[in-house]
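There are 2 protein chains.
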Amino acid sequence: MPLGFEKHDHSTCIKDALETAESYCASENLQLTKTRRRVLELLLHEHKALGAYDILATLSKEGLGTQPPVVYRALDFLVANGFVHKIEKLNAYSACTHPGQSHTPVFMICHKCNAVVEAQTKPLRGFLGVAAKAAGFLIERTVIEAVGLCPTCQENTPA
Amino acid sequence: MPLGFEKHDHSTCIKDALETAESYCASENLQLTKTRRRVLELLLHEHKALGAYDILATLSKEGLGTQPPVVYRALDFLVANGFVHKIEKLNAYSACTHPGQSHTPVFMICHKCNAVVEAQTKPLRGFLGVAAKAAGFLIERTVIEAVGLCPTCQENTPA
DNA sequence: TATGTGGTGTTATATTATAACATAACGGAT
DNA sequence: ATCCGTTATGTTATAATATAACACCACATA
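So the protein lines, in turn, are chains R and X. For the first sequence, our numbering gives the first residue as 11, with consecutive numbering after it. For the second sequence, our numbering gives the first residue as 11, with consecutive numbering after it.
In structure tokens:
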């Protein structure tokens, strides 16, 4: 399965993700406005997480707004609708690479190059569910993040 | 297994945890100074996460320091040595309830009453490890947090 | 045309965290 | 005993992240 640290045709993956977002918004009567679309695009261009203020700096240059609420509103929309995830460990945001699929995302964060890859691990949800059930806890959302070294940075950082 | 939302003898669990911390520090030549000890104590008194500035407010009343670095330094020490965990989702801190045991902690966070319970789920580490291995990723730390409703709040919040 | 809903613009502020530099306390090597 | 490295504390200032609150606008529809 495509787990993400490999090279790939990036322009295609951006285009696909934008199209998916557009058609989903159309079907759900959601407005993918100029600023929202641009924020999603900026995040799709990276395989790393961007801070809200990094994004705001770009929006600002492009005349799309200068104040924090501009970017936080766009991010709220994108997160609420599953196009973007917040990486809690980094207080930063990353485009969803499995849009449309309901999922319990797992993020692998390289602390050297800051790459962020979103993996799918269905069994994980099951195990968390079992632990939660034993405690009588009702899970609504999960945050699962692993911090470490991506394959490339392991090679360049020999033990 | 004791998963934590049940009632228990709280004064005993605080005392035990402090003693464990003390003997560990003694054996490792770590200094559990007055402020560090007090911060750990404050966190042990709660089964919820406290923000750094909440803790600082108490320290300040007690004459243990008034500036942010005071509490962040104490928290850094306690986190680095495994006595306290940071709850990333809340930007807050919670005393470790399994001190001394090497573990991949899983937190269940009630968004109604703010209770935080730390569970142990060994299999989870395994599954994350498998996913990471498939991606060639080397895990160093993990953040696993579930947000939802604790048993008590489920009862008081009928569907 | 009135009214509700959702989106934007803007000012101000809250919350969380760290940089940087000075001082102190202690232990071991010379 | 003094020098020096290490660790901890005190303090000022500021950085980084996030939200409250209110005014305005556009559009749909009753």
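Beta carbons: idealized from backbone N, C-alpha and C, even for Gly. All values derive from a computational prediction rather than experimental measurement.
Do three or more CB pairs link the segment 96-103 of chain X to the segment 137-152 of chain X at distances below 8 Å?
no
Identify whether Phe-117 of chain R lies in helix, strand or coil by the three-state DSSP scheme.
In the three-state reduction of the DSSP assignment, Phe-117 of chain R falls in the strand class, which pools E and B.
In whole angstroms, what is the alpha-carbon distance linking Thr-114 of chain R and Arg-83 of chain X?
34 Å
Within the chosen definition, does the segment 61-73 of chain R reach the segment 25-41 of chain R through at least 3 CB pairs nearer than 8 Å?
Because the criterion of three Cβ pairs below 8 Å is not met, the segment 61-73 of chain R and the segment 25-41 of chain R do not touch.
Rounding to the nearest angstrom, what Cα-Cα distance links Ser-21 of chain X and Ala-129 of chain R in this structure?
42 Å
Mind checking Thr-76 of chain R: buried by the 16 CB within 10 Å criterion, or exposed?
exposed
For the alpha helix (DSSP H) that Leu-28 of chain R lies in, which residues bound it at each end?
Judged by DSSP secondary structure, Leu-28 of chain R falls within the alpha helix (DSSP H) whose first and last residues are 20-38.
Could you say which of R:Leu-148, R:Glu-38, R:His-108, R:Asn-101 lies nearest to His-121 of chain X if we only look at CA atoms?
R:Leu-148
Determine the closest residue to His-57 of chain R out of R:Ser-104, R:Val-116, R:His-108, with distance taken between C-alpha atoms.
R:Ser-104
Quick one: Cα of Ile-119 of chain R to Cα of Ala-31 of chain R, how far?
24 Å
Just reading off the alpha helix (DSSP H) that Thr-43 of chain X is part of, what are its end residues?
No alpha helix (DSSP H) contains Thr-43 of chain X, which DSSP labels as neither H nor E.
Check whether chain R comes within 7 Å of Val-81 of chain X, counting only Cβ atoms and requiring the distance to be less than that.
no
Kindly indicate the opening and closing residues of the alpha helix (DSSP H) around Lys-165 of chain X.
In the sequence as presented, Lys is not what sits at residue 165 of chain X; that position holds Glu. Segment 161-165, the alpha helix (DSSP H) holding Glu-165 of chain X.
What does the Cβ neighbour count give for Pro-109 of chain R, buried or exposed, with the cut at 16 atoms within 10 Å?
buried
With 7 Å as the limit, tell me which residues of the segment 122-143 of chain R have their beta carbon closer than that to any beta carbon of chain X; keep them in chain order.
Val-127, Ala-129, Thr-131, Pro-133, Leu-134, Phe-137, Leu-138, Ala-141, Ala-142
What separation, rounded to the nearest whole angstrom, lies between the Cα atoms of Tyr-79 of chain X and Val-49 of chain X?
According to the sequence as given, residue 79 of chain X is Pro; it is not Tyr. Approximately 13 Å between the Cα atoms of the pair.
Let's test the definition: count the other Cβ atoms within 10 Å of the Cβ of Ala-156 of chain X and tell me whether it reaches 16, buried, or not, exposed.
buried
Roughly how many angstroms separate the alpha carbons of Ala-125 of chain X and Cys-160 of chain X, rounded to a whole number?
Cα-Cα distance, rounded: 8 Å.
Grab the span of the beta strand (DSSP E) containing Ala-59 of chain R for me, first residue to last.
No beta strand (DSSP E) holds Ala-59 of chain R; DSSP gives it neither H nor E.
Say whether chain X places a C-beta atom closer than 7 Å to the C-beta of Arg-47 of chain R.
no
For the beta strand (DSSP E) that contains Lys-96 of chain R, what are its first and last residues?
Start and end: 94-97.
Let me make sure I understand the geometry here. Which of R:Lys-44, R:Thr-152, R:Gly-158 has the alpha-carbon closest to that of Lys-143 of chain X?
R:Gly-158
Please state the DSSP three-state secondary structure of Glu-51 of chain R.
In the structure shown, Glu-51 of chain R sits in a helix (DSSP, three-state: H, G or I).
How would you write the range of the beta strand (DSSP E) that Ala-125 of chain X sits in, first residue to last?
Note, Ala-125 of chain X: premise wrong, no beta strand (DSSP E); not H, not E.
Please decide whether Ala-145 of chain R counts as near chain X, where near means a Cβ-Cβ distance under 7 Å.
Chain X contact via Cβ: present.
Against chain X, which members of the segment 148-162 of chain R pass a CB distance test of less than 7 Å?
Leu-148, Ile-149, Glu-150, Arg-151, Thr-152, Val-153, Ile-154, Glu-155, Ala-156, Val-157, Gly-158, Leu-159, Cys-160, Pro-161
Do we get a CB-CB distance below 7 Å when we pair Pro-15 of chain X with the residues of chain R?
For the record, residue 15 of chain X in the displayed sequence is Phe; it is not Pro. For Phe-15 of chain X, the answer is yes, since a Cβ of chain R falls inside 7 Å of its Cβ.
Nearest by alpha-carbon distance to Gly-61 of chain X: which of X:Ala-36, X:Lys-17, X:Asn-101 is it?
X:Asn-101
Quick one: does Pro-12 of chain R have its CB under 7 Å from some CB of chain X?
The predicted model places Pro-12 of chain R with a pLDDT of 41, which falls under 50 and marks its position as unreliable, so this point remains unresolved.
Using a Cβ-Cβ distance cut-off of 7 Å, determine whether Lys-99 of chain X contacts chain R.
yes
In the DSSP output, which residue or residues are listed as bridge partners for Gln-130 of chain X?
Paired residues: X:Pro-115.
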